[in-house]
Every structure is written in C-alpha cells, then in structure tokens.
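*Asks:* Have a look at this one.
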Amino acid sequence: MDDFDFTRPAQSEVYNANVARQFFQANGKVRSVAAGGTLFAENTAGKSMYFLNSGEVALTRGGKPLDVIKAGEVLGEMSVLTGEPRSATATAKVACEVIELDAGGFAEAIRKAPEFALMLLAILIKRLRLALVMRMLGKGQPAGTVETIPTSGAVFDAALLKDLTSNFPARPPAYQPKNAVIMREGEAGIFMYVVIDGAVRITANEKIIEVVKAGGVFGEMALVDQSKRAASAAAASDCNLMSINRNDFLTLVKTNPAFGVSLLKTLATRLRNTGRK
Numbered sequence: 090m091d092d093f094d095f096t097r098p099a100q101s102e103v104y105n106a107n108v109a110r111q112f113f114q115a116n117g118k119v120r121s122v123a124a125g126g127t128l129f130a131e132n133t134a135g136k137s138m139y140f141l142n143s144g145e146v147a148l149t150r151g152g153k154p155l156d157v158i159k160a161g162e163v164l165g166e167m168s169v170l171t172g173e174p175r176s177a178t179a180t181a182k183v184a185c186e187v188i189e190l191d192a193g194g195f196a197e198a199i200r201k202a203p204e205f206a207l208m209l210l211a212i213l214i215k216r217l218r219l220a221l222v223m224r225m226l227g228k229g230q231p232a233g234t235v236e237t238i239p240t241s242g243a244v245f246d247a248a249l250l251k252d253l254t255s256n257f258p259a260r261p262p263a264y265q266p267k268n269a270v271i272m273r274e275g276e277a278g279i280f281m282y283v284v285i286d287g288a289v290r291i292t293a294n295e296k297i298i299e300v301v302k303a304g305g306v307f308g309e310m311a312l313v314d315q316s317k318r319a320a321s322a323a324a325a326s327d328c329n330l331m332s333i334n335r336n337d338f339l340t341l342v343k344t345n346p347a348f349g350v351s352l353l354k355t356l357a358t359r360l361r362n363t364g365r366k
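Residue numbers (the numbering used here): 90 to 366.
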C-alpha cells in the first residue's frame, strides 16, 4: 500500500485535507478525468502526485483491487518522492476532478508552503513507526552483524552539508568514537543527527535495521512527532555528527526547501524499504 494510503483513517489526526487542498490549488493544475480514465499505471515513472477534488479513484495491482481513494485524499506521492516506479494503477471509478502537481514543481511548492512538508513528514513517520513495529515482529539481523544490513544513501549532498554546518557555527560537528552510544530506544528525542563522516549503526529491539553513512540522517522521527525514540544508535566507526534541535529543524524546513524535500525523499525510501523487509 505504498502509493495510496497517504490519508488512511489511521492518519486522520495528522492529515488535514484543507491544508492539502490549499497546497495543491496554489501550485498545481486542475484536471478532469472521465470515468474509466487512468491517472497512472503501475511500473511507470511517477511524474505527478494528485489531490482528488471530487469523485472516486480505484487502485489496483496486477488487475486486483487494492483500495479506493475518495475526495479530499492524495495519491501518487510515494513514487514522486522516492523516484521509484508506481506500485499500482489508478483508474477513475466515476468522473473525477483532480489537482495535479508535477515532481519538478514540488520543491518550489514546499518553499511556499512549508506546513505541508511538516504534515507530510509527520504522516510518513507515523507510517514508518508502524512498519518498524511490524518488522520487529519478524526476523531481523542480530546486533553483532553489519555486513548484510542495508546502508542508507546520502540524504544531503556536499553543498547542502556545507550549507547546514555554516548555518549553525555555534554547534560544530561533534566527534564520536567507534561504539559510542548516541541515542537509546525509548528516550525523548532532543536532536536529529547528520553524519558528516564515518558511519552509525541503528538498532531496534536489539536488531540492526540500518547503517547510516556520510550525508545520511537519523533521529529525525522523534524530533518531528515528539514521540520517544523508535531505535538506538551507536557509532559503527569513528565519526563526526552534526546535531539539529527542533527549533533548528523548523527553521530549516521553512527557509531551505532542499532540506525538507531531501528529508521527505529519505523517509519515503526508508518506508518502502522497511515494508519490503
């Protein structure tokens, strides 16, 4: 259920249809879709996301029904964020009106409406927390093995890393020796961390779930939703980390679109990867 559970009832306390509608109206284009028309097909590139103004859209995979999207909901966002092919086909059950926002305009739209980025981050984190719980109920790698654990790709490129460190000169990157404990599962989340160099091992329920390398981030979930830490982190090698508190985070989302979009992409990718495991 990757591309089509953005506004499921479980997220109703997070999702605000009016915020989403205003975001799409200000940045997208209204489009009519006839009954039986296809918005997008599975295994194709995700070029746009949609807000459904009216009507109903059926979602199928391999010809089998999966879900029905109703007015006020969003669809197609996961493929746009991750850059991966669509995981389902979206077909209008009745005549529909959608507001389409293409991937190219998404970053600029976030700059103008950072509250939508914050809402989407909160929803992705809520879904990721659920996916982590489901994964912990299954099998995982023991905490002593790293070789078979996936590593996260760089969230921030060199230019954005330089920009981030220059924005907070009073809090330069801090050195952490190998095996140093950085955060513990169940603690309150005061900071998120950006790995400047080295690697950090992420564990939950004594199972390694990820190794974060230079340019990657961790700890952002508790910072965004202000819940307890879902995982622990320890230095997998000597490393330098930049810490970002909640006020820093909110400022960056509101003033630096690349920061918010990069986080959205990495959370969406992490959610997909966690679900697959």
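The C-beta atom is built at its ideal place from N, Cα and C for all residues, glycine as well.
Can you tell which of I199, R335 and V283 has its C-alpha closest to the C-alpha of A263?
*Replies:* It is V283 whose Cα lies nearest to the Cα of A263.
*Asks:* Thinking G161 and L141 are a contact (beta carbons under 8 angstroms), I'd like their distance in whole angstroms, please.
*Replies:* Correct: roughly 7 angstroms between the Cβ atoms.
*Asks:* Just checking my contact of A181 with G144 at CB under 8 angstroms: how many whole Å lie between their CB atoms?
*Replies:* Right, the Cβ-Cβ distance comes to about 6 angstroms (below 8 angstroms), so this counts as a contact.
*Asks:* Tell me where the beta strand (DSSP E) around E186 begins and ends.
*Replies:* Note, E186: beta strand (DSSP E), C185 to D191.
*Asks:* Write down every uninterrupted run of the beta strand (DSSP E) in the region 275-347 whose length is 3 residues or greater and which is fully enclosed by it, in chain order.
*Replies:* Segments of the beta strand (DSSP E) lying fully in the region 275-347: 280-286, 288-293, 296-302, 321-324 and 328-334.
*Asks:* Touch check for the region 315-322 and the region 161-181: three-plus C-beta pairs under 8 angstroms?
*Replies:* No contact exists between the region 315-322 and the region 161-181.
*Asks:* Please report the straight-line C-alpha distance between T292 and R273, rounded to a whole angstrom.
*Replies:* Between T292 and R273, the C-alpha separation is close to 9 angstroms.
*Asks:* When you compare only the Cα positions, how much space is there between L155 and V187?
*Replies:* Those two C-alpha atoms are separated by around 20 angstroms.
*Asks:* Taking the alpha carbon of K302 as the point to measure from, which residue in D246, E166, L219 and V222 has its own alpha carbon closest?
*Replies:* K302 has its Cα closest to that of D246, out of D246, E166, L219 and V222.
*Asks:* From the DSSP output, in three-state form, read off F129 for me.
*Replies:* Looking at F129 - three-state DSSP - the assignment turns out to be strand.
*Asks:* Excluding the 5 residues preceding and the 5 following G360 in the sequence, name in chain order all residues of the same chain whose CB lies nearer than 7 angstroms to its CB.
*Replies:* According to the sequence provided, residue 360 is Leu. The question's Gly does not apply to it. Cβ neighbours of L360 beyond the five flanking positions: L213, R216, L217 and A220.
*Asks:* For the alpha helix (DSSP H) holding V103, just list the boundary residues, first then last.
*Replies:* Counting along the chain, V103 falls outside any alpha helix (DSSP H), and DSSP gives it neither H nor E.
*Asks:* Evaluate L356 with the Cβ neighbour count: other Cβ atoms within 10 Å of its Cβ, from every protein chain shown; 16 or more gives buried, anything less gives exposed.
*Replies:* Answer is buried; the Cβ neighbour count reaches 16.
*Asks:* Sort A115, A325, N105 and Q114 by Cα distance to K267 and report the nearest one.
*Replies:* Selected option, being the one with the closest Cα: A325.
*Asks:* Looking only at C-alpha atoms, which of Q315, A106, A130 and E299 sits nearest to G362?
*Replies:* Gly is not the amino acid found at residue 362; the sequence shown has Asn there. With distances taken between Cα atoms, N362 lies closest to E299.
*Asks:* Tell me whether the beta-carbon of P203 lies closer than 8 angstroms to the beta-carbon of K343.
*Replies:* Taking 8 angstroms as the Cβ cut-off, P203 and K343 qualify as a contacting pair.
*Asks:* Please state if the CB of S137 and the CB of G165 are separated by a distance shorter than 8 angstroms.
*Replies:* Yes, they are a contact pair.
*Asks:* Between the C-alpha atoms of R120 and A198, what's the straight-line distance to the nearest angstrom?
*Replies:* The straight-line gap from Cα to Cα measures roughly 18 angstroms.
*Asks:* Please determine, among L207, A130 and G275, the residue with the shortest C-alpha to C-alpha distance to R150.
*Replies:* Taking only the C-alpha atoms, the option nearest R150 is A130.
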